[in-house]
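Engineer: So the protein lines, in turn, are chains Z and X. Residues 22 to 257 in the working numbering are what the first sequence spells out, letter by letter. Residues 22 to 257 in the working numbering are what the second sequence spells out, letter by letter.
Protein chains: 2
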Amino acid sequence: MSISIILVRPQMGENIGAAARACANFGVRDLRLVAPRDGWPNPKAVDMAGRAIDLLDETTVFETTAEAVADCQFVLATTSRARAINMPALAAREAATELRNRVAAGQKVAVLFGPERTGLENEDVLQADGVLWIPVAPEYPSLNLAQAAVVVLSEWFAAGEVPPAADALGEPAPRAELQGMFDQLETELDAVNFWKVPEKKELMWRNIRAGLLRAQLTSQEVATWRGMIRALRGGD
Amino acid sequence: MSISIILVRPQMGENIGAAARACANFGVRDLRLVAPRDGWPNPKAVDMAGRAIDLLDETTVFETTAEAVADCQFVLATTSRARAINMPALAAREAATELRNRVAAGQKVAVLFGPERTGLENEDVLQADGVLWIPVAPEYPSLNLAQAAVVVLSEWFAAGEVPPAADALGEPAPRAELQGMFDQLETELDAVNFWKVPEKKELMWRNIRAGLLRAQLTSQEVATWRGMIRALRGGD
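Rendered as structure tokens:
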């Protein structure tokens, strides 16, 4: 099994094609797109993909990042900037080892890449379990989307088969189940006017979700947590 | 000190620009060209180089590979194919370590890249001390020139001094604070008869605490969570 590469709101068809080619070069078959700017399919992507066009034929398109990661159990968000989000950050090489370990354990894992000009929004990063950063020269840190994909994918390939970590932790729940729990918790916190100052909600809610994501809850734990939230609110 | 990147008979200006950009991304300042097909300077290279155009201004052009490596003490030739030439072959990662060691010892070192369509000729490879090969998927081994440069350069950079991870994670809260949160949560869950079957409490409660411990909450997050528990129970 392999990883999924997810391009979030990519702008240039050429970069989608180059990323598809890099996927093929490094043995990755699952390329996903979230809301590509110029629609899909895109002839410029085909031009750049070379012989990797078969991979473009199988590319799936989603409207939102949440939908694109719904079946994933571990997600990393590629970013060049340090972030105010409370989540683990892995350099590309460490990330490759982590991804290999999880794939070896049978998990579905994905790496997100942001749009060319702006990178990932905080909302996208919050769909991830951690941040992947690419070590670059501080004088000239801006990597092109396709080049960032090449670095991540070549590290993934070079990390090769790594024996699974002997870890008693259960499998993390699919993202869609976590989202269900988040929706429930948000609804209840809204109902009790938890935020008090509405402007504070965004940051507070982001931190709460980031904390819960770090816990890597299993499906059974998510069910327990949902029951707990319901019970605290007086349901049965 | 750093390495020299030498593009031998490059065909596309775009690839020269992309290679210059990758040099800048990974801290390499010395780009050399051997007999570029479309002459030099090349406006298409400038278009692709982004802010790395200062590096293009300093690019030196040679007529032959032998002249381009004349001042170098150790040279590797990038190639995707196995060769009938009897010389050491290093995978990109090993090569990066070898190059770092030699640069640290004060040597002038260079990496050769061949033309897009054909790769390096045997005559070029014979100017090198060894071959550098990039591990790729056997089903789709053909790397674009600029992407090959990204792999070699990112390996070079990663082999050097890597800055500490830009990890935004705060310090985990002291255990006593977590215990306070656990006590509060347990009291509230008891109050709403969450456990229903008393024999189940021990295991469920252990799992809930384990999930929260895994989140490595900071002191501030613990405070937020305590407020959240209180609010869900109808407190203010």
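All C-beta atoms in this analysis are idealised placements derived from N, C-alpha and C, irrespective of residue type, glycine included.
1. Apart from the five residues just before and just after M225 of chain Z, which ones in its own chain have a Cβ nearer than 7 Å to its Cβ?
2. With DSSP as the reference, label R235 of chain X as helix, strand or coil.
3. What span of residues does the alpha helix (DSSP H) with F203 of chain Z cover, start to end?
4. What are the partner residues of P193 of chain X, as DSSP defines its beta bridges?
5. Going by C-alpha to C-alpha distance, which of Z:S163, Z:P162, Z:V171 sits closest to V157 of chain X?
6. Counting only C-beta atoms, is T118 of chain X closer than 8 Å to chain Z at any point?
7. Exposed or buried, which one is V152 of chain Z when buried takes at least 16 other CB atoms within 10 Å?
8. Using a Cβ cut-off of 8 Å, pull out every chain Z residue sitting near I250 of chain X, in sequence order please.
9. Thinking C-alpha only, which one of X:R227, X:V243, X:L210, X:R138 is nearest Q32 of chain X?
10. Between the Cα of V243 of chain X and those of X:L210, X:E79, X:P195, spot the shortest distance and give me the residue it belongs to.
11. Specify, as a first and last residue, the run of the alpha helix (DSSP H) that D78 of chain X falls within.
12. Just the chain Z side, please: which residues come within less than 9 Å of V235 of chain X by C-beta, in chain order?
13. Please list the residues of the segment 148 to 171 of chain X that have a C-beta atom closer than 8 Å to any C-beta atom in chain Z, keeping them in chain order.
14. Quick check on I229 of chain Z - is its C-beta less than 8 Å from some C-beta in chain X?
15. Determine, using beta carbons only, whether E223 of chain Z comes closer than 8 Å to chain X.
16. By DSSP's criteria, V29 of chain Z is part of a beta bridge. Which residues make up the other side?
17. Closer than 8 Å by beta-carbon distance: list the chain Z residues that pair up with F178 of chain X, in chain order.
18. Which complete alpha helix (DSSP H) runs does the segment 74 to 160 of chain Z hold, if anything under 4 residues is left out?
Structural biologist: Taking the coordinates as given:
1. The residues are W216.
2. R235 of chain X: helix per DSSP, three-state reduction.
3. Bounds of the alpha helix (DSSP H) holding F203 of chain Z are 196 to 212.
4. Partner(s): X:T239.
5. Nearest of Z:S163, Z:P162, Z:V171 to V157 of chain X, Cα basis: Z:V171.
6. Taking Cβ atoms only, chain Z never reaches closer than 8 Å to T118 of chain X, which makes this a no.
7. V152 of chain Z is buried by the Cβ-count criterion.
8. Within chain Z, L253 have C-beta atoms less than 8 Å from the C-beta of I250 of chain X, given in sequence order.
9. It is X:R138.
10. Taking only the C-alpha atoms, the option nearest V243 of chain X is X:P195.
11. Counting along the chain, the alpha helix (DSSP H) containing D78 of chain X begins and ends at 74 to 78.
12. Correcting the residue type first, residue 235 of chain X is Arg in the shown sequence and not Val. Here the neighbours are L190, R235, A236, Q237, L238.
13. Within the segment 148 to 171 of chain X, the residues whose Cβ lies closer than 8 Å to some Cβ of chain Z are I155, P156, V157, A158, E160, Y161, P162, S163, L164, N165, A167, Q168, V171, listed in chain order.
14. Nearest CB-CB separation between I229 of chain Z and chain X: below the 8 Å threshold.
15. The C-beta of E223 of chain Z comes no closer than 8 Å to any C-beta of chain X.
16. Beta-bridge partners assigned by DSSP to V29 of chain Z: Z:V55.
17. P156, V157, A158, listed in chain order.
18. DSSP assignment within the segment 74 to 160 of chain Z yields the following whole alpha helix (DSSP H) runs of 4 residues or more, N-terminal first: 74 to 78, 86 to 89, 113 to 125, 143 to 146.
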